[in-house]
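Protein chains in written order, with the numbering used here: chain A, 615 to 1191; chain B, 29 to 144.
Beta carbons: idealized from backbone N, C-alpha and C, even for Gly.
These figures come from a predicted structure and were not determined experimentally.
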């Protein structure tokens, strides 16, 4: 429910939550250092951090820099790797099909049901009273469901090192993000700063298997060693190569290759396990020259699945090129959709070329830290879920906002998200170039795709974007309704531990009664909870001052609420109807 | 008896097993659906990266009382098999949570929830 940075796979944009950031780093000098992480080179970041007077501030910015580099790695891998590209095309395909889908729904005078997969299931159709499926919708829904099934199959747990691990495509993307985040922090700020940062992480973070499962693989392959200071080092360059090989999944209905144990080339988890078995037999030399590690992994892929990693990537890209040709030939395709599909494919081609010329910039954290990370520039979106009154700051363009019709009040106009006005790019910058077309995607096609995939039930989402997309659809003549099981996010009321873990504070102020909320007490309420329960919304409006101002503040406020146990007990009955 | 519809949310393994079980008269399953959204991934580890159980959802039409009883047995078989398993029961028509089944829940309680 609370994130400072996230990379949205639907638009490849890096979202920064300025309110969460503000809770962490309120001083201007800190925000400048964070801004350097987003927009400048690593040496500028290093200098900005060194100028900070307090050790705590330095530590915080290093930590934030690490999370930004983690997201930038996602930006890279979503285009470089076959699995990542498949995940992006999951969304692009929906953008391509949207015009046709809405046309089909409107022409039959139907209401669009979200998520789309409800159309495919007789039990859910019966429950939702869908007596016929508009022509053309079935095919689009089936395509979206089939792609989602592939992602779901990636989450199948596989026995490994005495545990059942779900190390499919998404887990491998996270492991890459984590390894290269750690590598960049260590290389750019120094090993001591890195050790200091690791030492201050909460226990739950230090043992977090979501990212650290890759260390089990490292251990089983003998890719770890104890340093003289008693630290356990891992051969991250080998792991980087291995993960890229795992993510080189064979898609597009190609004939699959299987190991004697039945592990196939099409799924990332099976690929990783297959590669692991082969490498065990090849005997791996830990901490060798990273180029040798890469060669060994590339060869292991050939021995295991009949193609090297590079061959697998080339084939994937060639097939994507054909797909793109078919997409661009579609009659009536929106110009912006056509532009973003091409733009993404071109940047992917550039990355693959760079990869073939210098794989170490992608597999080895040291090369990556000084030769690549500063060039990765996803479109940055600054979000303010609480809404900021007035226009977006100078040099920034509004992406989403609101103006109350007929209101001249200063409280009646605000922005929720904004992006730097089109930035200048240098030759080596690795960025999407069709900026305006991507902003249109971010503004409404991506949120609509999310509604089509899972209604409003997403873990990471920005409320105003979904509501704006719904309103836009309605204004265009497409009525929408939700499967009730996907009409709202799950877990709209959670314990406050995440808030305290994130901010490192021991106490905070209740958003309702302003009393102190101590760590270990209190609740976090999702803004959706207020949108779901009218009586709770009324209470919130009162808590925000009541009247017209309270109402406008409520419409504006999509931030989470921290409430004390007493207020929670008072409000909870209002959510039980 | 009119068909009674309920949705179960639990770990992927448990839902898949429930779905793959022998087809009984009087029970009709929807396709299992992932609860995780494809748009959910890729947030940075800054304090909140706990491991999440991958959840799936299965909606069931129960057409006879006997079928309801069989379903309850199947759920308790899963509870016994998967340590720590919790099954959330929701009303698919409203999305409202009806109850949760864990090792501490009795068959009678579940029967009451299904009959509600």
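With a cut-off of 8 Å on Cβ pairs, the region 758 to 772 of chain A is not in contact with the region 621 to 629 of chain A, counting fewer than three such pairs. Chain-ordered, the chain A residues with CB closer than 9 Å to the CB of residue 87/B read 735, 737, 738, 741 and 1099. Straight-line spacing of the CA atoms in residue 1081/A and residue 1075/A works out to 11 Å. The continuous alpha helix (DSSP H) containing residue 1153/A extends over residues 1148 to 1157.
Chain-order list of chain B residues neighbouring residue 1071/A: 63 and 65, by C-beta distance under 9 Å. Here the region 1090 to 1099 of chain A lies against the region 726 to 735 of chain A, with 3 or more beta-carbon pairs under 8 Å apart. A distance below 6 Å between beta-carbons, with the five flanking residues on each side excluded, links residue 986/A to the following residues of its chain, in chain order: 975.
For residue 896/A, same chain residues with a beta-carbon under 7 Å away, outside a window of 5 residues either side, are 910 and 914 in chain order. Residue 773/A is bridged by DSSP to 778/A. Taking 8 Å as the threshold, the shortest C-beta distance from residue 1064/A to chain B falls below it.
Residue 57/B is positioned such that its CB atom lies closer than 8 Å to that of residue 86/B. Around the Cβ of residue 655/A, a 10 Å sphere holds fewer than 16 other Cβ atoms; the residue is exposed.
When the beta-carbon positions are compared, residue 886/A and residue 1042/A stay at least 8 Å from each other. In the three-state scheme derived from DSSP, where H, G and I count as helix and E and B as strand, residue 728/A is classed as strand. Looking at the DSSP output, residue 1034/A shares a beta bridge with 1010/A. Under the 10 Å beta carbon count, residue 801/A is surrounded by 16 or more other beta carbons and is classified as buried. The beta carbon of residue 684/A is closer than 6 Å to those of 791 and 795 in its chain, skipping five residues each way along the sequence. Around the CB of residue 1017/A, fewer than 16 other CB atoms lie within 10 Å, so the residue is classed as exposed. For residue 33/B, the enclosing beta strand (DSSP E) starts and ends at 32 to 39. Assignment of residue 866/A by DSSP, reduced to helix, strand and coil, places it in the coil class. Looking at the backbone, the Cα of residue 835/A and that of residue 894/A are separated by about 7 Å.
For the 8 Å CB-CB criterion, residue 810/A and residue 904/A do not form a contact. Exposed is the label assigned to residue 48/B, since fewer than 16 other Cβ atoms lie within 10 Å of its Cβ. Under the three-state reduction of DSSP output, residue 717/A falls in the helix class. The alpha-carbon of residue 634/A is positioned some 11 Å away from that of residue 678/A. Of the residues 753/A, 1000/A, 1033/A and 1062/A, the one whose Cα lies closest to the Cα of residue 1009/A is 1033/A. Within the region 616 to 627 of chain A, the residues whose Cβ lies closer than 9 Å to some Cβ of chain B are 616, 617, 618, 619, 620, 621, 622, 623 and 624, listed in chain order.
Against chain B, the CB of residue 731/A has a partner CB under 8 Å away; the residue lies at that interface.
Listed in chain order, the non-local C-beta contacts of residue 928/A below 8 Å within the same chain comprise 966, local neighbours out to five positions each way being set aside. Beta-bridge pairing by DSSP links residue 127/B to 117/B. Contact between the region 713 to 724 of chain A and the region 1165 to 1183 of chain A is absent: fewer than three C-beta pairs spanning the two stretches fall below 8 Å.
Judged by DSSP secondary structure, residue 969/A falls within the alpha helix (DSSP H) whose first and last residues are 949 to 971. Assignment of residue 999/A by DSSP, reduced to helix, strand and coil, places it in the strand class. From the beta-carbon of residue 765/A, the residues of chain B found nearer than 7 Å are 66. Using a Cβ-Cβ distance cut-off of 8 Å, the region 105 to 121 of chain B and the region 59 to 66 of chain B are not in contact, since fewer than three pairs of beta carbons, one from each stretch, lie closer than that value. The beta carbon of residue 127/B sits closer than 6 Å to the beta carbons of 117 and 141 from its chain, once the five residues preceding and following it are set aside; these are given in chain order.
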